[in-house]
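Undergrad: Quick one: the structure is below, questions incoming.
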Amino acid sequence: LATGVAEIAESTHLKGGLSASNHRNREDSWFKSLFVRKVDPRKDAHSHLLTKNEESNLYKIQFHNVKPECLDAYNQLCEETLPSIHNDKYYPCELVGTWNTWYGEQDQAVHMWRYRGGYPALTEVMSKLRQNKEFMKYREERGKMLLSRRNQLLLEFSFWNEPIPRKGPNIYELRSYQLRPGTMIEWGNYWARAIGYRQHNSEAVGGFFSQIGNLYMVHHLWAYKDLEAREATRNAAWQHEGWDEVVYYTVPLIQHMDSRIMIPMKASPLQ
Numbered sequence: 443l444a445t446g447v448a449e450i451a452e453s454t455h456l457k458g459g460l461s462a463s464n465h466r467n468r469e470d471s472w473f474k475s476l477f478v479r480k481v482d483p484r485k486d487a488h489s490h491l492l493t494k495n496e497e498s499n500l501y502k503i504q505f506h507n508v509k510p511e512c513l514d515a516y517n518q519l520c521e522e523t524l525p526s527i528h529n530d531k532y533y534p535c536e537l538v539g540t541w542n543t544w545y546g547e548q549d550q551a552v553h554m555w556r557y558r559g560g561y562p563a564l565t566e567v568m569s570k571l572r573q574n575k576e577f578m579k580y581r582e583e584r585g586k587m588l589l590s591r592r593n594q595l596l597l598e599f600s601f602w603n604e605p606i607p608r609k610g611p612n613i614y615e616l617r618s619y620q621l622r623p624g625t626m627i628e629w630g631n632y633w634a635r636a637i638g639y640r641q642h643n644s645e646a647v648g649g650f651f652s653q654i655g656n657l658y659m660v661h662h663l664w665a666y667k668d669l670e671a672r673e674a675t676r677n678a679a680w681q682h683e684g685w686d687e688v689v690y691y692t693v694p695l696i697q698h699m700d701s702r703i704m705i706p707m708k709a710s711p712l713q
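If you read the sequence shown in the numbering used here, its first letter stands for residue 443, the second for the next number, and so on.
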């Protein structure tokens, strides 16, 4: 009997020890999970999964904040210079669009360029422009009119149409989203479906994500006849089953968002 009691006690002790050990292991595993994240074994960069072909089209977007008293002179300077670069086959680049911000950040110009051939085309253009006396004079004059400037290099999402020249008159909305780091693939997955809800009035112009500059930044470019058409088009999207779900799941991915309503300059291919 004594031997049996001892065996039971030992068994209970072992079970208790195993139970405590398992409990500690679970706690330790839970604690480690707070600091250690599993990473999917991807073999491609996220940009390769999201864009059509990283080597085909590279985009540059420029934001120029102009001295208020210089805006008209700045616009005239751009209209005299930018089309000559756009039309010259010597430069492997195209002016996608050039605008003034109407609602949003005031006294601002936004320019978007496309470089067919990716980074080599960008390097070639920059090198050739440094040898262009007219362009260097333009830069010098432009510098006297600016308060600040910044730019980003972008790739286009595979599920958006490539922006092409458009007849006007139109207003354009540039919606910019600063995403939480690590959420670009998730954003792309949702918007690959969502874009279908926003193409009924041909309002979708282009969708881009940053490679250099502010990272995890997304830009969606839309065209509308006027502000009333914008409101009607955006409201109509909510009538499509599934749009509400896309909004619900993408909003938590955003850290900050901004909207600009823009008016095309005379030289803009997107009118």
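We put the CB at the ideal spot given by N, CA and C, even for glycine.
Answer with yes or no whether the minimum CB distance from residue 679 to chain B is below 8 Å.
TA: Looking at the structure shown, chain B is missing, and only one protein chain is on hand.
Undergrad: Where do the ends of the alpha helix (DSSP H) carrying residue 518 lie?
TA: First-last of the alpha helix (DSSP H) with residue 518: 513-529.
Undergrad: Below 8 Å, how does it come out for the stretch 568-584 and the stretch 630-642: are there three or more Cβ pairs, yes or no?
TA: Judged by Cβ distances under 8 Å, the stretch 568-584 makes no contact with the stretch 630-642, as fewer than three pairs qualify.
Undergrad: Report yes or no: do three or more beta-carbon pairs, one from the stretch 518-529 and one from the stretch 589-598, lie closer than 8 Å?
TA: Output reads no: the stretch 589-598 does not touch the stretch 518-529.
Undergrad: Under 7 Å Cβ to Cβ from residue 566, same chain only, skipping five residues before and after it: list those, please.
TA: Excluding positions up to five away in sequence, the list reads 534.
Undergrad: Going by beta carbon distance, what residues of the same chain come within less than 6 Å of residue 557, once the five residues before and after it are set aside?
TA: Closer than 6 Å at Cβ, skipping near neighbours: 500, 535, 563 and 564.
Undergrad: Can you look up residue 540 in the DSSP assignment and give me helix, strand or coil?
TA: In this structure, residue 540 counts as strand in the three-state DSSP scheme.
Undergrad: Using three-state DSSP, classify residue 646 as helix, strand or coil.
TA: Looking at residue 646 - three-state DSSP - the assignment turns out to be strand.
Undergrad: Tell me the DSSP bridge mates of residue 502?
TA: Bridge partners of residue 502: 555 and 595.
Undergrad: Just list the residues that DSSP pairs residue 700 with in beta bridges.
TA: BP columns for residue 700 point to 618.
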